[in-house]
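Below is one structure, written out as structure tokens, with a few remarks after it.
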Amino acid sequence: MHTQKKVLASILLAVLSVGAAFAQSNPDTVQGVLPDQLVKGLNGVFGKHTGARAVHAKGIVLDGSFQPAAGAAALSKAPHFAGAGVPVRVRFSNFAGIPTVADNDAGANPRGLAVKFYLPDGTATDIVAHSFDGFPSATSADFRDLLIAIGQSGPDAAKPTALETYFGTHPKAKAFLTAPKPMPESYATLPYYGVNAFKFTNAKGKAVYGRYQFVPVASSHFLSKEQEAAAGPQFLIDEIGQRTRKAPVQFKLMLQLAERGDDLHDPSVAWPKSRKQVELGTLTVKSVVADNPSVQSKLLFLPNILPAGIEPEDPMINIRSATYPASYGARQER
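With mature numbering (1 follows the signal peptide of the UniProt record, and there is no 0) applied, the sequence shown corresponds to residues -23 to -1, 1 to 311, in that order.
Rendered as structure tokens:
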């Protein structure tokens, strides 16, 4: 894209700013969580695969556009929530940090959706979401400890395993890992949740807090057990290409608004479904990008690359945004 150099510059500035973010007081920093610890923890669970992401290793990149809803600017002065639409680059993915994981493998759930919005000034902003309303851990430190416990709990591990012991004191992690996650018909027929809370400020200075949700226009559809058994290892990758060749795929980007008492700093707690949701716009996914492997290897999503009008509220956002570059750097090593 013609904005590539400016986008890369904005990413570099965001990565450099992470050091300053770590200096701020928050539970993750106090507990000494470092990005490389999380990457090593993920490698301990899935193995280290040359050139691959530490998690959500298998995916597909597509191009599209985002058109803001009429009321989006009332919530945030961010440029992509006002005026004309902007181009986007989208990556659908499977959960596991294994680039060869079969699409019909239970370990491929939850699925991921990452969106890079290319803004009018040549910079970019990102949203990272997955297909489960919640997260296994309240903080990045807890997530690191969960990864370590999983890595130490192989089939030959002594009983009780480290993971069983961890579950005893972290019931939300057990609930996340054992919750039913049905097999999707398509990447296009799943809702996706941004589990971290952000602060949104409009041009008048009024602020609200919320979490993103992508709602499929095609509605949610899942495979039967018989269909799942017959599905091939590439069925989601193949299907999204076939689907977008026939017609664009669309999602409504919604903002679930926090109410008094909702925890803004704990992504392991889903807010009640009764919370008000406001439409921010329509994401349209149009076509698979050529030379996908090369594009994916160079593509980096950082949830704290934010324009004026959006700020990170959950401390985990800055930790995640420091971890992704650590994983990115490792996968550039050939």
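No residue lacks a Cβ here, since even glycine has one placed at the ideal position from N, Cα and C.
- Annotation: LEU96 to GLY60 spans about 11 angstroms, alpha carbon to alpha carbon.
- Distance from the CA of ALA83 to the CA of SER163, rounded to the nearest whole angstrom, comes to 15 angstroms.
- Looking at the DSSP output, ARG68 sits in a beta bridge with VAL38, ALA91.
- Beta-bridge pairing by DSSP links THR102 to PHE94.
- For the pair GLN227 and VAL194, the Cα-to-Cα distance works out to about 6 angstroms.
- Every unbroken stretch of the beta strand (DSSP E) spanning 3 or more residues and falling wholly within the region 143 to 206 is given here in chain order: 175 to 178, 184 to 193.
- Looking at the DSSP output, THR261 bridges to SER42, GLN227.
- The three-state reading of DSSP puts GLU290 in coil, since its state is none of H, G, I, E or B.
- Its chain contains ASP110, GLY111 as the residues whose beta carbon lies nearer than 7 angstroms to that of ALA247, once the 5 sequence neighbours on both sides are disregarded; these appear in chain order.
- For the 8 angstroms CB-CB criterion, ASN179 and LYS25 do not form a contact.
- DSSP places LEU232 in the strand class (E or B) of the three-state scheme.
- Where ARG121 is concerned, the enclosing alpha helix (DSSP H) starts and stops at 117 to 128.
- When beta bridges are read from the DSSP output, HIS107 appears opposite GLY89, TYR170.
- Counting of Cβ neighbours within 10 angstroms places LYS183 among the exposed residues, the total staying below 16.
- DSSP places GLN219 in the helix class (H, G or I) of the three-state scheme.
- In this structure, the alpha-carbon of PRO137 lies about 9 angstroms from that of SER130.
- Shown here for VAL265: same chain residues with a beta carbon closer than 6 angstroms to its own, the five before and five after excluded, namely LEU39, GLY218 in chain order.
- DSSP lists LEU232 as the beta-bridge partner residues of VAL255.
- The region 199 to 210 and the region 232 to 243 do not touch, with fewer than three beta-carbon pairs separated by less than 8 angstroms.
- DSSP, reduced to helix, strand and coil, places VAL266 outside both helices and strands of the structure shown, so it counts as coil.
- In terms of Cβ geometry, SER114 and SER245 form a close pair [threshold 8 angstroms].
- Per DSSP, the beta-bridge partners of VAL63 are PHE43.
- Membership of LYS17 in the alpha helix (DSSP H) is indicated by the continuous run 12 to 23.
- Looking at the backbone, the Cα of VAL172 and that of ALA49 are separated by about 20 angstroms.
- Annotation for ALA73: PHE23, ALA34, GLY84, ALA85 place their beta carbon closer than 7 angstroms to its own, counting only its chain and skipping 5 residues before and after.
- For PRO168 against PHE191, the beta-carbon gap comes to about 6 angstroms, under 8 angstroms, which counts as contact.
- Cα atoms of PRO12 and GLY18: separation of roughly 10 angstroms, rounded to the nearest angstrom.
- Counting C-beta atoms within 10 angstroms of its own C-beta, GLY128 has 16 or more neighbours from the protein chains shown and is therefore classed as buried.
- In the displayed model, THR300 falls within a helix according to three-state DSSP.
- Each residue's CA atom was taken as its position, placing GLY258 and LYS229 some 6 angstroms apart.
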